[in-house]
Amino acid sequence: MSDAVIVGAVRTPVGRRKGSLADVHPVDLSAHVLRALAERTGVDPALVDEVFWGCVSQVGEQSWNIARNGVLAAGWPESVPGTTLDRQCGSSQQALHFAAAAVLSGQAELVVAGGVESMTRVPMGSSVAGGMPFSAAIHERYRGVEGFAEDSPLPFNQGVGAELIAQRWRFSRTQLDEFALASHEKAAAAQDAGAFDPELAPVALVDGGKLAADEGIRRDTSLEKLAELATPFRADGVVTAGSASQISDGAAALAVTTSEWASRHGLRPLARIHTAVGAADDPVTMLTAPIPATAKALRRAGLGIEEIGVYEVNEAFAPVPLAWLAETEADPERLNPRGGAIALGHPLGASGARIMTTMLQHMRDNGIRYGLQTMCEGGGMANATIVELL
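Basically the numbering used here = 1-based index in the sequence shown + 944.
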């Protein structure tokens, strides 16, 4: 029976907006992790059948199929094709799903899945450029629904969705701030322990320096400092910049094949892609789909939530993983054990692969058999992936 396994995983450190990676072209960020992946696995890039690459803002420096451009900039053979995809925040997690499907079906033997986003150089929302992505039919369908901004070119708003979740699950400002603080504390502890080091490919900078660690962790934050932040989405709201993911720059890559192909080429699989699903929910609240996606993944896998040793639920906003915890009744101690996007950052197209890379390292370090990753996505969607340590 064929399977899909991950034989390599690597990421850049995540740079803060206008931080150390601000001068690095997103094509070069992509090329950097592609080269690092080949070096760490020892795989000849000429054997790669396809590169599936997530990127959300596909304009300017991230336009013209950045997957292919990343391959060329990496110095890989011209015979290696690339496809760029946009599933919003879940783009590179969906790339992993496509990679698994390709090797399971026999359409490919070795696929690279990953993604990139330079939110400094190509700001979020750049691809809208004054256009109207939502037609009159969508406005007609959702007119009058709480949270739908009828007069805006982007009537679905993630921040408003986060406020709606906080309202529905009755999360207080203090609860959200406490969750945000814990994310920074866990990430700082992991960084200090060197837990991230094996998964990182430090990036050489134009000034001759090198970015070797994630930049977003705020070691000096506190509940008092978080309490001073404004609530930009609602005057009487509870969500702030401190309880939201950071705007960031970065890239990550995963190598996917079958156990049989890996054995023939002397590769040791890290984990098996056990179950991979997509789901969708209300696009106005937008951020709740990880809940049905998780239920779907567990049902397909034949596993209970208690059998999963680690959960990575993307911290787009603190209410998202908190609502997920409330609905799944999962063990909060197993959630985002090395911090999440609130502390580490959220380079949109790269985050799915970044999170998987971090989760795999945590599983290996702690001998955890099953891990589950899920993340909310624009349009009210989510991916959920269960992997099994090998």
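Backbone N, C-alpha and C define an ideal beta-carbon position, used for all residues, glycine too.
In this structure, the straight-line span from the alpha carbon of SER1079 to that of SER1295 is close to 29 Å.
Sorting GLY963, SER946, GLN1119, ALA948 by C-alpha distance to the C-alpha of VAL1147 places GLY963 at the top. Distance from the CA atom of ASP1141 to the CA atom of ALA1174, rounded to whole angstroms, is 34 Å.
GLU1251 is classed as exposed because its beta carbon has fewer than 16 other beta carbons within 10 Å across all chains shown. According to DSSP, residue pairing for TRP1113 in a beta bridge does not occur. Out of HIS1306, GLY1253, ALA980, LYS1169, the CA that lies nearest to the CA of ALA1274 is found in GLY1253. In the structure shown, the three-state DSSP call for GLY1034 is coil.
When C-beta atoms of the segment 1196-1210 are compared with those of the segment 1039-1049, three or more pairs fall below 8 Å, so the two segments count as touching. Residues PHE996 of the same chain have their beta carbon placed closer than 6 Å to that of PHE1042, with the five preceding and five following residues left out of the count.
DSSP places LEU1288 in the helix class (H, G or I) of the three-state scheme. Our two residues, GLY1186 and HIS1128, have alpha carbons roughly 10 Å apart in a direct line.
The Cβ-Cβ distance between VAL1003 and SER1062 does not fall below 9 Å. Looking at the backbone, the Cα of PHE1115 and that of ILE1082 are separated by about 30 Å.
The segment 1003-1015 makes no contact with the segment 1211-1223; the number of CB pairs closer than 8 Å stays below 3. In the displayed model, TRP1205 falls within a helix according to three-state DSSP.
The Cβ-Cβ distance between GLY1059 and ALA953 does not fall below 9 Å.
If you ignore the 5 residues before and after ILE1299, its C-beta comes within less than 6 Å of the C-beta of GLU1256, GLN1317, all in its own chain and listed in chain order. Nearest in C-alpha terms to LEU1029, of all of GLU994, GLN1051, GLY1019, is GLU994. Rounded to the nearest whole angstrom, the CA to CA distance from VAL949 to ALA1057 is 12 Å. If you draw a 10 Å sphere on the C-beta of ASP1164, you find fewer than 16 other C-beta atoms in it, and that means exposed. Annotated as proximal: VAL1183 and ALA1110, with beta-carbon spacing under 9 Å. DSSP places ALA1328 inside the beta strand (DSSP E), whose first and last residues are 1325-1333.
Within the same chain, and ignoring the five residues on either side of PRO1263 in sequence, the residues whose Cβ sits closer than 6 Å to its Cβ are ALA1106, ILE1109, ALA1110, PHE1115. The C-beta distance from ALA1328 to THR1238 rounds to 5 Å, short enough to meet the 8 Å contact threshold. When the five nearest sequence neighbours on each side are left out, the beta carbons in the same chain lying within less than 8 Å of the beta carbon of LEU991 are those of GLU1053, LEU1054, HIS1209, in order along the chain.
According to the DSSP assignment, GLU1168 belongs to the alpha helix (DSSP H) that extends over 1167-1171. In this structure, PHE1261 places its C-beta atom within 9 Å of the C-beta atom of ALA1188. For CYS1320, the closest alpha carbon among the candidates THR1232, LEU1292, ARG1278, LEU1247 is that of THR1232. Excluding five sequence positions before and after ALA975, the CB atoms of its chain that fall closer than 7 Å to its own CB belong to GLY1014, ALA1017, ALA1018, given in chain order.
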